[in-house]
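Taking UniProt numbering as reference, the numbering of the sequence shown is continuous, increasing by one, and the terminal residue is 255.
We treat Cβ as the ideally placed atom computed from N, Cα and C, and that holds for glycine.
Take a look at the structure below.
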Amino acid sequence: MSQTLQLIATLKQLLKAKGKTYAAVAEHLGLSESSVKRQFAQQSLNLRTLEAICAFIQLEFVDLIQAAEASQPHLRQLSEAQEAELVTDPKRVLVAVCVLNHWNMERIVATYCLSDAECIRHLLELDRIGLIRLLPENRIKLRIERDFEWRPDGPIHRFFQKRVQGDFLDSGFNHSGECLLFQQAMLSPADNQRFQKKMRQLLQEFTELHQEGVARVTEERDGTSLLLALRPWEPLVFQSMRRVPDERKYEQAQV
């Protein structure tokens, strides 16, 4: 829904909440009731009329904009097709990740080899799919829930997964801000599920730290990635030594 249509829809809700009829609006505007009804039905109210109706119900126009924004549904996840569209251009993925980390356009183009025009083009695409609202002066407003996540095993996950082994894990993990832990154990399926629950709780804490840090100066924070992985696994070199292959399979996880 375009911003104008959203404003009109929100204004209709506010008029109803305040008990204002089309007849009362028409009298205030000096128009016929049928004319006002037609403009609302055709969603053809212009800016001057919107402002006049706001004045009638003692509402600042900026408050109408904020109410319209608040009524917009926020995303918890993109569709498979939307993610697939994103990964067709690595620069678009880059811009998406930056805005999800609360970067503004100025910082994006100052940090990466993107022109203003390129960045705006990608921001407009993110606006089109509902990830952000691109505001005047290229300000960015996120339109996602706090628990927004990429689709499990979706195009974005696969985009990063391809780069995990040769990029993310290509480190000694011996510098400040780095940590790699690996442990092998024997777990029952029930214990495996219990530990997965703890992993999700840890991921939630990681996300909350990110949200709490938004108010801090951006330069005080670093882009940081966390990889949590768990699965029944035996190195191929060990599997090759088995007398009888282990063909047990876990059921497909329910997402």
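query, result
"Can the beta-carbon of Leu47 be found less than 8 Å from the beta-carbon of Thr10?", "no"
"What is the residue span of the beta strand (DSSP E) that Ile120 lies within?", "Segment 116–128 is the alpha helix (DSSP H) holding Ile120; no beta strand (DSSP E) there."
"His157: which of Leu227, His74, Gly223 sits nearest, CA to CA?", "Leu227"
"Could you give the distance in angstroms between the alpha-carbon of Ala96 and the alpha-carbon of Asp127?", "10 Å"
"Look at Arg133 and His74 and say whether their C-beta atoms are less than 8 Å apart.", "no"
"In this structure, what does DSSP give as the bridge partners for Ile132?", "Leu142"
"Figure out for me which residue from Asn174, Ile140, Glu60, Lys12 has the closest Cα to the Cα of Ala41.", "Lys12"
"Report the partner residues of Leu75 according to the DSSP bridge assignment.", "Ile144"
"Which value, in whole angstroms, describes the spacing of the CA atoms of Leu123 and Lys141?", "11 Å"
"Roughly how many angstroms lie between the CA atoms of Ala229 and Cys179, to the nearest whole one?", "14 Å"
"Taking the alpha-carbon of Gln184 as reference, which of Phe61, Pro232, Lys249 has the nearest alpha-carbon?", "Pro232"
"Check whether the Cβ atoms of Ile108 and Cys119 sit closer than 8 Å, and answer yes or no.", "yes"
"Using 8 Å for Cβ pairs, my map puts residue 256 next to Val25. What's the rounded Cβ distance?", "With the chain covering only 1 through 255, there is no way to say anything about residue 256."
"Identify, in the order they occur along the chain, each residue of the same chain with its Cβ nearer than 7 Å to the Cβ of Asp147, setting aside the five sequence neighbours on each side.", "Arg76"
"Are the beta-carbon atoms of Pro155 and Val87 separated by less than 8 Å?", "yes"
"Can you tell which of Leu100, Arg248, Leu135, Asp89 has its C-alpha closest to the C-alpha of Leu114?", "Asp89"
"Between which residues of its own chain and Glu83 is the CB-CB distance below 8 Å, once the five residues before and five after are set aside?", "Trp150, Arg151, Gly154, Pro155, Ile156"
"Using the rule of at least 16 other Cβ atoms within 10 Å of the residue's Cβ for burial, across every protein chain shown, is Met1 buried or exposed?", "Its pLDDT being 49, under 50, Met1 is placed unreliably in this model, and the coordinates cannot settle the point."
"Under 8 Å, do Gln43 and Leu78 count as touching if we go by C-beta distance?", "no"
"Please report the distance separating the alpha-carbon of Thr21 from that of Glu137.", "37 Å"
"Within its chain, find whatever has a CB closer than 7 Å to the CB of Phe168; leave out the 5 residues flanking it on each side and keep chain order.", "Ser225, Leu227"
"How would you label Glu145, buried or exposed, when you count the other beta carbons within 10 angstroms and need 16 or more for buried?", "exposed"
"Going along the chain, which unbroken runs of the alpha helix (DSSP H) with 4 or more residues stay wholly within the region 166–191?", "none"
"Where does Pro155 fall in DSSP's three states?", "helix"
"Grouping DSSP H, G and I as helix and E and B as strand, with all else coil, what is Ser44?", "coil"
"Can you tell which of Lys37, Cys98, Leu7 has its C-alpha closest to the C-alpha of Gln66?", "Leu7"
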